[in-house]
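In what follows, a single structure is set out as structure tokens and then discussed.
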Amino acid sequence: MKIHIDNLTFKCIIGILDFERIKKQKVVINLSFEYEFSEDKFIDYSEISNLIKTTMKKEKFFLLEDAILHFELLLQNNYNINNLNIKISKPNILTNCIVSLSNK
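Its first residue numbered 553, the sequence shown is counted upward by one per residue in the working numbering.
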């Protein structure tokens with residue numbers, strides 16, 4: 553099975569510049585991963601969505617890179633998953649574009 557969680561959107565503190573550390577910014581996270589599904593063994597995608605949102609707000613990362621590395625470890629240590637892809641976007645940080653980073 554492959555799970556996709558797309559457009560997980562919320563506001564949090566992330567960035568290295570002073571204004572980024574004061575005012576919350578919109579962040580959009582997309583992720584996907586594979587796992588072995590069976591009726592007695594499944595992954596609750598709402599649990600993962602809440603974990604990411606809660607962690608992102610609590611940790612207040614300086615860099616998108618730090619957030620991605622943190623989530624790679626967190627998800628792989630807590631779930632039996634493969635081929636994890638994470639993309640984090642800050643759509644409002646620059647005037648004419650959307651800034652995104654991904655692990656793949």
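Ideal Cβ placement from N, Cα and C applies to all residues, glycine included.
DSSP places K605 in the helix class (H, G or I) of the three-state scheme. Rounded to the nearest angstrom, the Cβ distance from L653 to E617 is 6 Å, consistent with a contact under 8 Å. Spatial neighbours of K609 in its own chain (CB-CB distance under 6 Å, excluding positions within 5 residues in sequence) are listed in chain order as C564.
Of the other Cβ atoms in all chains shown, 16 or more fall within 10 Å of the Cβ of I600; this residue is therefore buried. Secondary structure note for F614: it is in no alpha helix (DSSP H), with a DSSP letter that is neither H nor E.
The Cβ neighbour count for F585, taken over all protein chains shown within 10 Å, is at least 16; the residue is labelled buried. Put simply, the backbone Cα of N644 is about 7 Å away from that of I650.
Under the three-state reduction of DSSP output, N644 falls in the coil class, being neither helix nor strand.
Assigned with DSSP and collapsed to three states, E588 falls in coil, not helix or strand. Assignment of F623 by DSSP, reduced to helix, strand and coil, places it in the helix class.
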